[in-house]
Structures are given as C-alpha cells and as structure tokens.
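Just add 1 to wherever you are in the sequence shown, counting from 1, and you've got our numbering. Beta carbons are placed, not taken as given, at the ideal position from N, Cα and C, and that holds for glycine.
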Amino acid sequence: MIPNDYRSLHCNAIRAEHIGQNVTLSGWVNSARDHGGVIFVDLRDREGLTQVVFRPEENADVATASHELRDEDVIQVTGRVEKRLTGTENTKLGTGEVEVVCTVLKVLNKSDVLPFHLDRELSNEDMRMKYRYLDLRRERMNKNIRQRHKITTAARNYLDGEGFIEVETPILSNPTPEGARDFLVPARLSPSKFFALPQAPQQYKQLLMVAGLERYFQIARCFRDEDLRADRQPEFTQIDIEASFIQQNDIINLVEGLLKSMFKAGQGVDIPLPFQRMTYQEAMDRYGVDKPDTRYGNEIVDMADVFAASGFKIFRTTLENGGVVRAINAKGFAGITTGQMIRLNELAIQAGMKVKQLAFIKVERNAEGVLEYKSPLWKFFGEEEQKALIAKLGVEENDIVFFYAGSWDDACNILGKVRTEIATMMDLTKDSTALNFLWVVDFPLLAYSPEDQSWVAVHHPFTRPKAEDVPLLDAGEYGKVRAEAYDVVLNGYELGGGSIRIHESDLQAKMFGVLGVSPEEQQIKFRHILEAFKFGAPPHGGLALGLDRIAMLVAGENSIREVIAFPKNNKACDLMTDSPTNVEFKQLRELYVQSTWKEKKKEDAAPAAASAASVDPIPTGP
Ligand code: ASP
C-alpha cells in the first residue's frame, strides 16, 4: 500500500516495531467500547483490525468526540503506537500487541444503524442480498472475494505463461447451442430481430482458431436461462480455453497444470498430478454418474454373474431380458433409521424406480449372537448364490445392501443417487479435506431425447466423434458413437468440460444433419462456421472451467452465491437493485416489443408495461 493523506498504514500492519511512531489509519468502526470513560475502538479496513484508544489526557476534545462514535462510522485517526498494557494483549489479532493512542480524529462519514449485525451469521439470505454491500463487509465474504481474485489471477498468469492470448468476444451475439434457454435482447436497429447473450463463447473461440490465433483464453461471462440451483446462476463465469494443433492429452495436461496453479494460489495446497482418468462407461457403471465423488466407496457392483440363474425370478428375468441387476453395499449402515429408509425410497422413485421399495439385505447380529441376513429376498437365494453375493460385495456385520433390477440407465440413475444420499446420511465426507480430481473421457457423442424425439448432442454440436467411431455414425448407430470429449471432476462436482472439435465443413454439416438441423436451417444459423471451416480451419479443441464453482470449492462454501459479489437469488432476481424490473411502455415501443404476460386471475394487479400496452398498441414497423 502506498501511504497517502488518509493512511500511512493499513489496519493489519502495525506491529511492535512501530511502537513510538505516529501513524494515520482510515476505516470503519468495527466496535466501540466505553471503559470507564475511555473509549476503545476496533478500527477495521479490508486488511484487519487495530485497537484505537481515546484518552482524555491525550486530547480532551478528541476523547469527547469519540463518545459519539457508532458501529460502521467511517473515520480517520492519527496517533502514537503504544504497547498494550501487559495482560490486555489480544493474541488472536496480528496487531494484538499494540494500540494507537488517538490524537487527531476525523469523522469521514456517519453510519445509520445497520439492518443486521456484521459479526453474526444471518440465515435470512434475502436480507443479505438486499444489503449485499454490507454483507460483503463481513470477513468471510471479504476472504471469499479476495480468494477468487487470487485464483483468477493465477489462471491468467498460468495461461499467459503457456502462450495463451486473452480475447474478449461479444456479449450481444448469435444463439449458440449449449443445451439451455437463451437470454434474448431485442435489436432496436433491426426491428423484430434479437441478439442472444452467449451461453458460452463456443463459436467465437473456434472462429479465433480459424483466424490463426492458435491459443485463446477468456474469463468469460456466460448466460443461461435455467432454473437455479445452489451451484447455478443465470450469469456465471467460465475460464474459456481453445487451442489449435492439439489433442486431448495436450488439453488434459494443460488444464491439470492450470488447476494446480489455481489451488496453490487459493488454498496453498500442491495437488498431485496427473489426475486419475476414467471412461464415461466406467464412471456410470461404478458410480452411476458422469461426475463421481470418489472420496468414499459404496460403489455400484454388477451382480449379473451371481444372479444369472437365480431362484429369485425378478432378478433372473431382468437379466434374461437384457437388463441389469446391480447392488450397493452401504458399509456399516445397517442401523439406517425408518426415516432415512423412506427418504432413500422417495429418492429412488423420483429417479425412476417403478416399485415402491428398494430391495435390501441388512446384516445384523441377533440377541443370541448369530449373524442374520434380514431381507424379504434372502430366502429366495440358493446357498451358493448367497455365498457368491457375500463374497462379491464383501458383506459383513452391520452392512446393508441395496439392489436394483431394471434397465442400465435406470440402475445408474437410481443407484447413483442412492449412493450419494447414503454418503450424506452417513456424513462420509464431513470434515474431509481430500481433493479427488479425475477426468471422465470417452463420452457418448449423442443421446436420444424422448421428449424431442430426436438425437441431441451430449456435449454440443461442435464436438468431434472419435475417428474409429465415424463408421458407426455413417451407419446410423448414433448411440454407439463416442466423442473426443472430456470432463474434469472434483469431489462429485463437474469443474469443466470440453472436446476436440470438428474442423471440417462437411463433417460439421453431417453432424447438424444427425441433430435434425435441415440444410436450410444450417445456412440460417451456422453459415458463418460452415463457411469458415472451408477456408483452412486448423484442428483444434478446448475446454471451459466453471470459475464460480472452483472458487466455491476453494473457499469451502456450499453455494456459488458465496463467491459472487452480486449474485441473483433463487428466483433469478437481484434484490439489491430490484432487477429485473418493469420498463416504460415507451421503451418497449422503441424496441417493437409487447408483453403478452397476464397475471393470473388478478386483473387489477397487471404490471405497468402490460397494462400500458393494452391501451396503446405497438406500431408494426419502423
Ligand atoms: N462451450 C463449452 C461449455 O460451455 C466448453 C467447451 O466445449 O469448450 O460447456
């Protein structure tokens, strides 16, 4: 910090070596205490606290004025650094050995009483959002925002060091399909037309590769109009990367180095490289998800060999009909409560389970000391089958095994959710400091969407099919085609994902065709990219990392709202500025836009824009 008229030091800088010196500090009154007429103020700036004492014998006027100081007043003090009286030191503070005896006090701004205390956690999140600028004064939020800055800076430096060039791409742009709903912006100068806010700078970054830039990155703001969850926001930030003349391994190595530098900067830890790699198939088979949390076991086990000739008909026929029988041994969870069992079944039903209850075997010792296999199924299994089951799942006393028989997709989805819920119920990751990074590779290129009755891109339409699987694409075996796509995962969170791209115009057109985009539509929506790929497009690929999510994990928070300065709440509103907001009819008219929204059954409560529109129709042309 460069000293100026407001401050010679910041509030966390004064140490014993300054004793006897005169200093000037500026900041907020963190607290003011009256000790028998002597006022003690903890003065706070963003770096920390210094105790300031106002003694009448030092400066009577200043001491009198100090009685008026209230929490969060902004003041400037000048005074002499003294050693605190023996026994009154505060070992928890960096400045705890010393205090400043004030000789000059300037009140820079008085504060009203705050709507909430800054030194206590507040469960009312709306209140925190409404007064976000106060919420951000808290130590925890200050730390989170600064830690985010550190990891972003580390990312910039690392990528710069690797020869990447930071380029800004447009916010007002063309829709790019990333699988979410677009935010649209009416284009006043092109009546009836709209810009889309970028869901990701995907097409621009690929066009920068065609432009010969070779190595691009951007700390890019992205916009997706989705329903919100704790780790989603309508606008969020990606570290967006693209490079030419590279292959999957190059991107993986680069991103491992990048994440290492970010975690070093944020947490001071050295994460070991390389990360584990796992195919999509393996991740789904073992964990039921494509972003497995490997900090705990309870893996999904395929029981086909055990039950192929089972006396339990449901298992046998499921297998005969091409389905799967899979199980999870929840070690040490035989003491599951009735409430927990109900919750697990509810979860399984939500995930697609057709029956009301998960089949289970609970292994407990009875009063006579005999091990019992408590289960409605146990009696249907032959002795050999029972032995094989125990051996395969490593079943021991106090375990509970859950089964699912059905399609592979359902088994993954249901048991994957059951697995993570059991981990939550058993507190398996509580207080864990493990950082289990891994790569999931070999994703499928396409998935069939029953709602759309068409094939959709699992990643996005610009993702390259694996060369050896192109014949499958040609043969129409879309479900079997694997992509040159990869995701990086940490403790069950997807940190980012990317792919090697298609760089040939004809292959890109073929891919659009498979996705049901007609040649005419391709020309309207993607002419620029199809054309660009005809003018010498280099092989290229990239990835994007979710910066908010990484910052959240580095900070040990549970919601990305805690690492974003001004986030939206769970209804996608900014309560501080009260946005989104109604706009004047005149503004809408300039944009040739009319709201069709009507409040249900409450005619008199229609918003200004909608009611205005009904009396004054919108003109039809410029
Ligand atoms: N655009 C992709 C996304 O936002 C990332 C990438 O493929 O580079 O997920």
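message: Just to confirm my understanding: we take Pro623, look at its own chain, exclude 5 residues before and 5 after, and list those with CB closer than 7 Å. What are they?
response: Only weak support is given to the placement of Pro623: the predicted model assigns it a pLDDT of 34, under 50, and the value that follows is read from those uncertain coordinates. Correct list, in chain order: Pro192.
- prompt: When every heavy atom of ligand 1 is checked, does at least one fall within less than 7 Å of the C-beta of Leu544?
  reply: yes
field: Continuous alpha helix (DSSP H) stretch holding Phe264: start and end
entry: Gln249 to Gln268
query: Below 8 Å, can you find three or more Cβ-Cβ pairs linking the region 463-474 to the region 217-229?
result: no
- request: Using 10 angstroms around the beta-carbon of Phe527, count the other beta-carbons present and answer buried if the total reaches 16, otherwise exposed.
  value: buried
- prompt: Ends of the alpha helix (DSSP H) at Trp409?
  reply: Trp409 to Met426
- request: Name, in chain order, the residues that DSSP records as bridge partners for His36.
  value: Val39
- request: Go to Leu439, then tell me how far its alpha helix (DSSP H) extends in each direction, as first and last residue.
  value: Premise fails: Leu439 lies in the beta strand (DSSP E), Phe438 to Val442, not in any alpha helix (DSSP H).
Cβ shell of Ser408 (< 8 Å), same chain only, five flanking positions each side left out: Gly324 and Val325
query: When you compare only the Cα positions, how much space is there between Asn399 and Pro171?
result: 58 Å
query: What's the C-alpha gap between Pro540 and Met130?
result: 45 Å
message: Per DSSP, what are the beta-bridge partners of Lys363 in this structure?
response: Lys375 and Ile401
Distance, Asp251 Cα to Val515 Cα: 29 Å
Residue environment, Arg121, which counts as buried when at least 16 other CB atoms sit within 10 Å: exposed
query: Quick one: does the C-beta of Ala201 sit closer than 7 Å to a heavy atom of ligand 1?
result: yes
- prompt: Do Glu179 and His461 have their C-beta atoms within less than 8 Å of each other?
  reply: yes
field: Complete runs of the beta strand (DSSP E) confined to the region 193-245 [at least 3 residues]
entry: 195-197, 216-224 and 236-245
query: Within 7 Å: the Cβ of His541 and any heavy atom of ligand 1?
result: no
query: Arg8: buried (16+ other C-beta within 10 angstroms of its C-beta) or exposed?
result: buried
task: Tell me whether Ala284 sits in a helix, a strand or coil according to DSSP, three-state version.
output: helix
Gly514 - containing alpha helix (DSSP H), residue span: Ser506 to Val515
task: Note the first and the last residue of the continuous beta strand (DSSP E) segment covering Ile329.
output: Val325 to Ala331
message: Determine whether the beta carbon atoms of Leu429 and Gly499 lie at a separation below 8 Å.
response: no
task: Pull up the distance between the alpha-carbon of Pro377 and that of Ile362, whole angstroms please.
output: 8 Å
- prompt: Is the closest heavy atom of ligand 1 to the C-beta of His504 under 7 Å?
  reply: no
query: Under the rule that 16 or more other beta-carbon atoms within 10 Å means buried, what is Trp440, buried or exposed?
result: buried
- prompt: Does the Cβ-Cβ distance between Ala266 and Lys144 come in under 8 Å?
  reply: no
message: Here's the rule I'm using: 16 or more other beta-carbon atoms within 10 Å means buried, otherwise exposed. How should Arg45 be labelled?
response: buried
task: Would you check if the distance between the CB atom of Ala1 and the CB atom of Ile415 is smaller than 8 Å?
output: Lying before the first or after the last residue shown, residue 1 is absent from the chain, which here runs from 2 to 623.
task: Could you tell me whether the region 108-115 touches the region 541-560, where touching means 3 or more Cβ pairs closer than 8 Å?
output: no
message: At a threshold of 7 Å, does Ser500 count as lining ligand 1 (C-beta to nearest heavy atom)?
response: yes
message: Measuring straight from C-alpha to C-alpha, what distance separates Pro568 and Ala221?
response: 16 Å
field: Contacting residues, own chain, Cβ-Cβ under 6 Å from Ala17 (five flanking each side not counted)
entry: Glu98
query: Under 8 Å between the Cβ atoms of Gln239 and Ala201?
result: yes
message: Can you tell me whether Trp598 is buried or exposed? The criterion is at least 16 other CB atoms within 10 Å of its CB, across all chains shown.
response: exposed
- request: Report all residues from its chain with a CB closer than 6 Å to the CB of Met263; omit the five preceding and five following residues, and keep chain order.
  value: Ile152, Ala155 and Ala156
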